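For the sequence shown, the residue numbers in this note's numbering are -4 to 175.
To start, the structure under review is shown below, and the notes come after it.
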Amino acid sequence: MLKKAAFVLVMALFAFLAFAKDESGGLIDGDTWAILASAPQGWIWDSSSLRAQGIFGLYYKQGQPFSSSTLHIYIKPTPRPAAGSSSLLEFMESDQAAFKNSNPGVLIKSLAPYSAGLDYRFAMRDFDDSTKGYYQALAYCEGEDAFFVIVLAGTSPEEREAERGALIELLDSFTYIRKE
-4 MLKKAAFVLV MALFAFLAFA KDESGGLIDG DTWAILASAP QGWIWDSSSL RAQGIFGLYY
56 KQGQPFSSST LHIYIKPTPR PAAGSSSLLE FMESDQAAFK NSNPGVLIKS LAPYSAGLDY
116 RFAMRDFDDS TKGYYQALAY CEGEDAFFVI VLAGTSPEER EAERGALIEL LDSFTYIRKE
């Protein structure tokens, strides 16, 4: 068990150093978990603009300043309840209900799940609110100690479709690390 923990720690350190060199991704962590995620090609990672909202994984097009009203991707972690009884499906239903309550005109579409490397499986949804101009692609993932929502936010369905590959590229780089 000690060898396994040391191996995971060494691999996380090497991955962190690799991300730190090219400034396109990095370590996002909570009390009992951490993830590594790399910015899609042509995007940059910003760990500070949405820090006050608890988002350390913000990505936007290289050469463009961040604005919440323009194309961007973010990772929103949510710690699992202390009892640990909440399932990913329950979390998703709660998240979607909260979004619908604050945006009554939203249309939520279920998409086929996406399987990335390292056996990660992401539940996929599209959120459309044409009255407010929100067109999002969401990927939900479950870690041992947290749930993660990875959101591609665009200004039109066409922009969302054109950039869906960037979301998939980020999902392919997603690596969950459990802190011991």
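Virtual Cβ for every residue (Gly too), placed ideally from N, Cα, C.
Keep in mind that this is a model prediction, so the values were computed, not measured.
Option nearest residue i by Cα separation, candidates the options
i      : options                      : result
Asp90  : Leu165, Leu133, Lys174       : Leu133
Tyr54  : Ser97, Glu158, Pro99         : Glu158
Gln48  : Gly37, Pro72, Glu156         : Pro72
Met87  : Leu147, Gln36, Cys136        : Cys136
Lys127 : Trp40, Tyr109, Ser63, Leu31  : Ser63
Lys56  : Gly37, Ser81, Glu156, Arg155 : Gly37
Thr150 : Leu31, Ile50, His67          : His67
Met119 : Leu147, Arg46, Gly100, Pro74 : Leu147
Beta carbon of residue i nearer than 8 Å to that of residue j
i      : j      : result
Ile70  : Ile163 : no
Ser42  : Gly21  : yes
Asp121 : Lys95  : no
Leu102 : Asp123 : yes
Ala161 : Pro60  : no
Ser33  : Ser19  : yes
Glu154 : Tyr129 : no
Coarse secondary structure for residue i, derived from DSSP in three states
i      : result
Phe117 : strand
Ser151 : coil
Lys183 : Shown here, the chain extends from -4 to 175; a query on residue 183 therefore has no answer.
Gly20  : strand
Ile30  : strand
Gln36  : coil
Gln59  : coil
Ala111 : coil
Ala132 : strand
For residue i, the residue or residues it bridges with in DSSP
i      : result
Thr73  : Phe142
Glu88  : In the DSSP output, where bridge partners are listed per residue, Glu88 has none listed.
Ile68  : Tyr54, Leu147
Leu83  : Its beta-bridge partners do not exist; DSSP assigns none.
Asp167 : Beta-bridge pairing links Asp167 to no other residue.
Arg46  : DSSP output for Arg46 lists no bridge partner at all.
Arg159 : In the DSSP output, where bridge partners are listed per residue, Arg159 has none listed.
Lys104 : Asp121
Ser137 : Contrary to the premise, residue 137 reads as Glu rather than Ser in this sequence. DSSP output for Glu137 lists Phe142 as bridge partner(s).
Quiz item: Using 8 Å as the threshold, is the segment 136 to 151 in touch with the segment 21 to 28, meaning 3 or more CB pairs across them?
Solution: yes
Quiz item: Using 8 Å as the threshold, is the segment 164 to 171 in touch with the segment 114 to 132, meaning 3 or more CB pairs across them?
Solution: yes
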